[in-house]
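Notes for the one structure printed next.
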DNA sequence: AGCGTAGGCCAACACGTGTTGACAGTCCAG
DNA sequence: CTGGACTGTCAACACGTGTTGGCCTACGCT
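Below, the structure is given as structure tokens:
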């Protein structure tokens, strides 16, 4: 509950910007190591000691800069899926666009894998994923699907397919799923997502 | 590596059957508690002490009967998806049949949820899920899909959808996905799985 | 009845964890 | 030059974990 982000030291004459700190490199190294470890091991097995060793500093620095393990995780992974505005996209291409975007997001860094691994074991992680789903994927479904009443169910179906792909490809690493090329995935999953969003309920 | 299952004590005149032991009730209680805990908490957070407390016995009993924590997990969860023989089923109903079967399997006990949670965090768990995939789902795909060459990729796609549903419904518990009725899920996912198995590659 | 053996509990060990506080070097403002 | 803050290290604490061995009890066979 204590604040570890309270820093009143501005370094220049400009009073507005926080100003760069000498330890920014260390902070960044910690975050990068934390992302890797959380993505590879999940929450419980990603120990602060291991993260500190990867970042080549002392474990106590992690505590000083991020308060505790939970704070470190919150600082290391971001909640933003950066979903593009799909209203301008062609109505019958929303599925492919979504799959393409998710694939890119998932492979450009390890934050989402970390979040998924943690969400599978940690209660707090699961709740954070529910938030992401509700605040980011749900609005997209509301725009794309015909009956707004059905948006939650349809968004849930989309999430099941997209997260299922991430699970089998990046976490469980089923060989055939790992071997699929990006375009193949888009070609297979795009129509599925499209149908979940826009097809009349069966 | 040591054996904790070596029991040469037969209780009756019949020499063939192992014979019931006095501690069978305890063993069963341990396994049941273990399944619940592994399903609810994953491998690391499901402590032997907690399992023992649920089973109302001492933690050391768990060790005596199952050797170590890994042995307990192996004894608690089964690997058998009991996939029905789908050769006799109608060719265009394989998708719905698979989804229906998976839903029933997943909800009749907590073993699959436990396996999924553990697979997401534990290296050994992930490998065990790869085995299940390879030895049980893959053969079904080989029977159902036209070109045997494409069976692995198609089985991987099916796994992504089925495990994704399990993830969002039983682990992350996304409210809209939890709220779906079984028939709705079959109606939505059945055609998807069917397409992944039998449709010509896009 | 007597005895061996299995069932069960208790206390403890060794270890790894998150977390904390005291201490030394280092940079910059005054 | 001097003081204070920031950065970093070291050692330790309190706790929970898997795991082990010793002890007592009670059943079941002879």
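Residue numbers (the numbering used here), protein chains in the order written: chain A, 5 to 206; chain B, 5 to 206.
Glycine residues also receive a C-beta, built at the ideal position from the N, C-alpha and C atoms.
Bear in mind that the values here come from a model prediction, so they are computed numbers and not experimental data.
Query                                                                                                                                                                        : Result
Measure from the C-beta of residue 228/B to each C-beta in chain A and report whether the shortest distance is under 8 Å.                                                    : Nothing can be reported for residue 228/B, as the shown portion of chain B is limited to 5 through 206.
Buried or exposed: residue 186/A, going by 16 or more other Cβ atoms within 10 Å of its Cβ?                                                                                  : exposed
Please report the straight-line C-alpha distance between residue 124/A and residue 76/A, rounded to a whole angstrom.                                                        : 18 Å
Under 8 Å, do residue 38/B and residue 80/B count as touching if we go by C-beta distance?                                                                                   : yes
Under a CB-based cut-off of 8 Å, is residue 198/B close to chain A?                                                                                                          : no
Applying the criterion that 16 or more other CB atoms from any shown protein chain within 10 Å of the CB defines a buried residue, is residue 43/A buried or exposed?        : buried
Whole angstroms is fine: what's the gap from residue 128/B's alpha carbon to residue 71/B's?                                                                                 : 17 Å
Does the beta carbon of residue 68/A come closer than 8 Å to any beta carbon on chain B?                                                                                     : no
Give the range of the alpha helix (DSSP H) segment to which residue 137/A is assigned.                                                                                       : Taken as a continuous stretch (DSSP letters only), residue 137/A belongs to no alpha helix (DSSP H), as it is neither H nor E.
Listed in chain order, which residues of the stretch 148-168 of chain A have Cβ atoms closer than 8 Å to some Cβ of chain B?                                                 : 156, 157, 159, 160, 161, 163, 164, 165, 166, 167 and 168
What span of residues does the alpha helix (DSSP H) with residue 59/A cover, start to end?                                                                                   : First-last for residue 59/A: undefined, no H or E at that position.
Classify residue 206/A as buried or exposed, calling it buried when 16 or more other Cβ atoms lie within 10 Å of its own Cβ.                                                 : exposed
Comparing the C-beta of residue 110/A with each C-beta of chain B, is any distance below 8 Å?                                                                                : no
Cβ of residue 135/B less than 8 Å from any chain A Cβ?                                                                                                                       : no
Would you call residue 182/A buried or exposed, if buried means 16 or more other Cβ atoms sit within 10 Å of its Cβ?                                                         : exposed
Quick one: is residue 48/B near chain A, going by C-beta distance under 8 Å?                                                                                                 : yes
Determine the DSSP secondary structure at residue 73/B, reduced to helix, strand or coil.                                                                                    : helix
Note down, in chain order, all residues in the stretch 113-126 of chain A with a beta-carbon under 8 Å from any beta-carbon belonging to chain B.                            : 120, 121, 123, 124 and 125
Could you tell me whether the Cβ of residue 186/B comes closer than 8 Å to any Cβ of chain A?                                                                                : no
Evaluate contact between the stretch 23-33 of chain B and the stretch 138-152 of chain A, counting only Cβ atoms and requiring at least three cross-stretch pairs below 8 Å. : no
Return the CA-CA distance between residue 198/A and residue 198/B, expressed in angstroms with no decimal places.                                                            : 16 Å
What's the C-alpha gap between residue 92/A and residue 95/B?                                                                                                                : 40 Å
Considering only C-alpha positions, which residue in the set 53/A, 24/A, 166/A and 36/A is nearest to residue 107/A?                                                         : 166/A
For residue 73/A and residue 46/B, I'd like the C-alpha separation in whole angstroms.                                                                                       : 19 Å
Give, in chain order, every residue of the stretch 49-60 of chain B whose Cβ lies closer than 9 Å to some Cβ of chain A.                                                     : 49
Is the distance from the Cβ of residue 40/A to the Cβ of residue 114/A below 8 Å?                                                                                            : yes
Answer with buried or exposed for residue 13/A, where buried requires no fewer than 16 other C-beta atoms within 10 angstroms of its C-beta.                                 : Any reading at residue 13/A needs caution, since the residue's pLDDT is 35, under 50, leaving its predicted position unreliable; the model's value is listed next. Exposed.
Given that residue 177/A touches chain B, what residues does it touch there, using C-beta distances under 9 Å?                                                               : 130 and 134
So, does the CB of residue 171/B fall closer than 8 Å to a CB anywhere in chain A?                                                                                           : yes
Taking residue 38/B as the query, report the chain A residues whose CB atoms sit under 7 Å from its CB, ordered along the chain.                                             : By Cβ distance, chain A contributes nothing, its closest Cβ being about 16 Å from residue 38/B, past 7 Å.
Does the beta carbon of residue 191/A come closer than 8 Å to any beta carbon on chain B?                                                                                    : yes
Taking only beta-carbon atoms, is residue 180/B less than 8 Å away from chain A?                                                                                             : yes
Against chain B, with Cβ distances strictly below 8 Å, would residue 63/A count as a contact?                                                                                : no
What do you reckon, are the CB atoms on residue 144/B and residue 193/B nearer than 8 Å?                                                                                     : no
Are any of the Cβ atoms in chain A nearer than 8 Å to that of residue 206/B?                                                                                                 : yes
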